[in-house]
Amino acid sequence: MSRDLPLEQQITLIELVDRVLSKGVVVSGDITLAVADVDLVYVGLRVLLASVGTIERLQGQAA
Amino acid sequence: MLYLYAFVRESAEVPDATGVGGAPVTFVALGAVAAVVAEVDGALEATDENVLAHAHVVDALAAVNDAVLPVRFGRGFRDRDDLEAAVLRLDGELKDRLAEVSGCVEIGLHVAAPAQPAQPVGSGRDYMEHRLRDLARADALAADIHAPLAERARAATRSRSVGTTALLRAAYLVPAADVHAFRGAVDEAQRRYGELSFACTGPWPPYSFAVLEREGAAA
Chain S
1 MSRDLPLEQQ ITLIELVDRV LSKGVVVSGD ITLAVADVDL VYVGLRVLLA
51 SVGTIERLQG QAA
Chain F
1001 MLYLYAFVRE SAEVPDATGV GGAPVTFVAL GAVAAVVAEV DGALEATDEN
1051 VLAHAHVVDA LAAVNDAVLP VRFGRGFRDR DDLEAAVLRL DGELKDRLAE
1101 VSGCVEIGLH VAAPAQPAQP VGSGRDYMEH RLRDLARADA LAADIHAPLA
1151 ERARAATRSR SVGTTALLRA AYLVPAADVH AFRGAVDEAQ RRYGELSFAC
1201 TGPWPPYSFA VLEREGAAA
């Protein structure tokens, strides 16, 4: 996931990945795939979220 | 293995889309609803590419159907019989959820407050009292922003455990025809609370409103 995207696109990408991975219907009885890798994606996302939080604060101060 | 993307009505249109691993998407009628699936070989990793491919199929479905219930990434069934057995248990609930989201899209909202400079405080007790007052104020402010937006929406969800900086994280289920007016209401809130930063995203397929009752009860 690129860190060079503008803030709005970064937020949109984070929101999209968050929805696809942690929202939506779960039907019991399914085969859940590659759970460890889902965790890895989340680790990457947290880092990205932290950087977005910093940018939001900077914008808040500038406004 | 049958990889599951979404549930739609029996009468739904399935777009000519390919999903994870380039597999073409098909449609399995199951009682009151239909499952949108694709045959996938072996394990599927949660790479950016696969996650985006899943989202792409759900988007393509939502573009041509007014009722789509997205399924969470990474869900598969051994075969059609396994899928059918699991889905028939939820038939009624899936049908009700499809009716609820019909004609609607999801709008996401983040509201953040500027960080407060650290204030020198005396005792630990003073600090805790300050902190509790700040949290109570943040909570009241978040409720003031959220309530009128939730009233305009068919349904709304709000994530808990936000601090004093990340004030509000919410999703709203909005009829597609009202999206423009809803965004107007968000803009109005943004003007009223000029010191806060607002990030409004979407329209999304209704992922946040496709969580079934029993999951919520178990969480």
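If you read the sequences in order, they're chains S and F. The first sequence begins at 1 in the numbering used here and counts up one residue at a time. The second sequence begins at 1001 in the numbering used here and counts up one residue at a time. Cβ atoms here follow ideal geometry from the backbone N, Cα and C, with glycine treated the same way.
*Grouping DSSP H, G and I as helix and E and B as strand, with all else coil, what is F/Ala1176?*
The residue labelled residue 1176 of chain F in the question sits at position 176 within the second sequence. DSSP places F/Ala1176 in helix when its eight states are reduced to three.
*How is F/Glu1039 classed by DSSP in three states: helix, strand or coil?*
Here residue 1039 of chain F is taken as the residue at index 39 of the second sequence, counted from 1. F/Glu1039: strand per DSSP, three-state reduction.
*Across which residues does DSSP place F/Phe1209 in a beta bridge pair?*
If you number the second sequence from 1, residue 1209 of chain F lands on position 209. BP columns for F/Phe1209 are empty, so no partner.
*When you compare each of F/Ala1035, F/Val1068, F/Pro1070 to F/Ala1086 by their alpha carbons, which one comes out closest?*
Residue mapping note: residue 1086 of chain F aligns to position 86 of the second sequence, counting from 1. Considering only alpha carbons, the answer is F/Ala1035.
*Chain-ordered neighbours of F/Phe1182 on chain S, where CB pairs are closer than 7 Å*: The residue given as residue 1182 of chain F occupies position 182 in the second sequence. Contact of F/Phe1182 with chain S by beta-carbon distance below 7 Å is absent, the smallest such distance being about 16 Å.
*Between which two residues does the alpha helix (DSSP H) harbouring F/Ala1055 extend?*
Against the second sequence, residue 1055 of chain F aligns to sequence position 55. Counting along the chain, the alpha helix (DSSP H) containing F/Ala1055 begins and ends at 1048-1064.
*So which residues of chain B does F/Asp1082 contact, with C-beta pairs closer than 7 Å?*
The question asks about chain B, but that chain is absent: this structure's protein chains are S and F.
*Taking 7 Å as the CB-CB limit, is S/Ile11 close to chain F?*
Counting from one through the first sequence, the residue named residue 11 of chain S turns up at place 11. At least one CB of chain F lies nearer than 7 Å to the CB of S/Ile11.
*So, F/Tyr1172 versus F/Ile1107, is the Cβ gap smaller than 7 Å?*
Translated into the one-based positions of the second sequence, residue 1172 of chain F becomes position 172. Translated into the one-based positions of the second sequence, residue 1107 of chain F becomes position 107. Taking C-beta atoms as the reference points, F/Tyr1172 and F/Ile1107 count as a pair closer than 7 Å.
*Contacts that F/Tyr1207 makes with chain S (C-beta to C-beta distance below 8 Å)*: Here residue 1207 of chain F refers to the residue found at position 207 of the second sequence. Going along chain S in sequence order, the residues near F/Tyr1207 (Cβ under 8 Å) are Arg19, Val20, Lys23, Gly24.
*Residues in its own chain within less than 6 Å of F/Thr1201 by CB, not counting five upstream and five downstream?*
In the second sequence, the residue the question calls residue 1201 of chain F occupies position 201. Cβ contact annotation for F/Thr1201 (same chain, cutoff 6 Å, sequence separation greater than five): Gly1108, in chain order.
*Out of curiosity, what's the CA-to-CA distance linking F/Leu1088 and F/Gly1124?*
Taking the second sequence and counting its residues from 1, the one referred to as residue 1088 of chain F is at position 88. Taking the second sequence and counting its residues from 1, the one referred to as residue 1124 of chain F is at position 124. Cα-Cα distance, rounded: 56 Å.
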